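Visitor: Going by my numbering, the first residue of the sequence shown is number 658, and it counts up by one from there. The C-beta atom is built at its ideal place from N, Cα and C for all residues, glycine as well. Here the structure is a predicted model, which means the values were calculated and not measured.
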Amino acid sequence: MQNAIPLDDWLRFVDEEYLSTFIKDGGASIKFTVTPDDELKIDLYEALKRRCHEWDYVFIHLNAADLRAYMPQDIFFGIAAQIDWPLLARRQALRLAAERGFRVEGIDPAGGSVFDAIAGANNLETQSVLFEMRPTIQNSVFKNPNMARDFRVAMSHLCLMNEESLPADHPLLAWLTGANTRIGNVRPFSIYTAINRTTARYFIESALYWVHHVGCAGTVILLDNSRVTVTRNPKDGKRYYTKAMAMEHYELLREFLDGVDRLSGTLLVVVTNYEFLDENSARGYGIYQALRTRVMDDVRDKTLVNPVAALVRLSQGDRRNGAAL
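Listed below in structure tokens is the structure:
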């Protein structure tokens, strides 16, 4: 029997210790939450999504049933597909324009054609604004050492675009989201690196840094890895993980844990099930001891739950802290 903490109580600690301070200030943390059923999982999803909307966090939902959760490039593509890249670029352009002394009050970054709006607010020609902003964007974005070279090249191009909107099949967006992985498609933008298993980690770190850098509070990622623990293929059209794939997924999680300091302004919540904790399961975290030792309970009180532990067991809200699940 293991102690569990009610979802509302755990979320209160997350609000106080992470979202309102630590993550917003650029920190990063990874939490594992064990849920007994899909209903509680949905409640967790809705609660985190609502908080992100209220506090200006980018919310990302990834499900191991829909993507290859053992491949870092699929993690990046899953993140990238849920980010409004042109909007982030316009936020950055407005922030830099304000630093240069342009009047930007009242300009909505979601409105499109941000340089037209800046020009109108300052009684200038759009080309004049672009001419003055180009070196500023180059210095603050293209030369920013906190991002991978080709990622910051892409962000520089997006910051300088003045279109009302970009189609989903635009080469830069298709490259970022994995819709078109051919590097020749973005070579005209001076981008020469494919996003693959070797390079994806740098792009993940760059993307999370960029979200925080442009002025968002940060990024909250909810990764549901319950599918990884399924031992027999249900043949339901969703992804099935062999033992080797499950071990690769756990290795990827271990790498995230070890490199958490490189994830700027990020809260990664891995939501899983009790099969994940089953030491006798062929898909539980026991098959990869390096992950198990990083998230297991080192010291556990008989009645109380440590709400800021790396791994917590959640219960329904009508249970009180310390109730056995």
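Find out if the Cβ-Cβ distance for the pair Q739, I852 is shorter than 9 Å.
Guide: The answer is no: Cβ separation not under 9 Å.
Visitor: Within the same chain, show all residues whose beta-carbon is closer than 8 Å to that of H906, passing over the 5 residues directly before and after it, in chain order.
Guide: The residues are A721, A726, Y727, N882, V885 and Y898.
Visitor: Decide if H870 is buried, meaning its Cβ has at least 16 other Cβ atoms within 10 Å, or exposed.
Guide: Looking at its Cβ environment, which holds 16 or more other Cβ atoms inside 10 Å, H870 is buried.
Visitor: What are the boundary residues of the beta strand (DSSP E) that includes D954?
Guide: Premise fails: D954 is in no beta strand (DSSP E) and is neither H nor E.
Visitor: Would you mind reading off the limits of the alpha helix (DSSP H) that contains L833?
Guide: P828 to T834 is the extent of the alpha helix (DSSP H) around L833.
Visitor: Whose C-alpha, out of L909, S677, K800 and D893, is nearest the C-alpha of R854?
Guide: Among L909, S677, K800 and D893, the Cα nearest to that of R854 belongs to L909.
Visitor: Which word fits S863, buried or exposed, when buried means at least 16 other C-beta atoms lie within 10 angstroms of its C-beta?
Guide: Buried.
Visitor: In chain order, which beta strand (DSSP E) runs of at least 3 residues are fully inside the segment 659-714?
Guide: Segments of the beta strand (DSSP E) lying fully in the segment 659-714: 685-691.
Visitor: Which one of A704, Y714 and K698 has the shortest CA to CA distance from A874?
Guide: The shortest C-alpha separation from A874 is found at Y714.
Visitor: Can you name, in chain order, every residue of its own chain whose Cβ lies under 6 Å from the Cβ of W832, other than the five neighbours on each side?
Guide: Around W832: V843.
Visitor: Whose CA, out of D694, F846 and L676, lies closest to the CA of R707?
Guide: Nearest C-alpha to R707: L676.
Visitor: Could you check the C-alpha separation between I848 and L829 for me, to the nearest Å?
Guide: Each residue's Cα considered, the two are about 9 Å apart.
Visitor: Going residue by residue through the segment 721-782, where are the continuous beta strand (DSSP E) segments of at least 3 residues, counting only ones entirely within it?
Guide: Fully enclosed beta strand (DSSP E) runs of 3 or longer: not present.
Visitor: Examine the Cβ distances between the segment 930-942 and the segment 661-675 and report whether three or more of them are shorter than 8 Å.
Guide: These segments do not touch.
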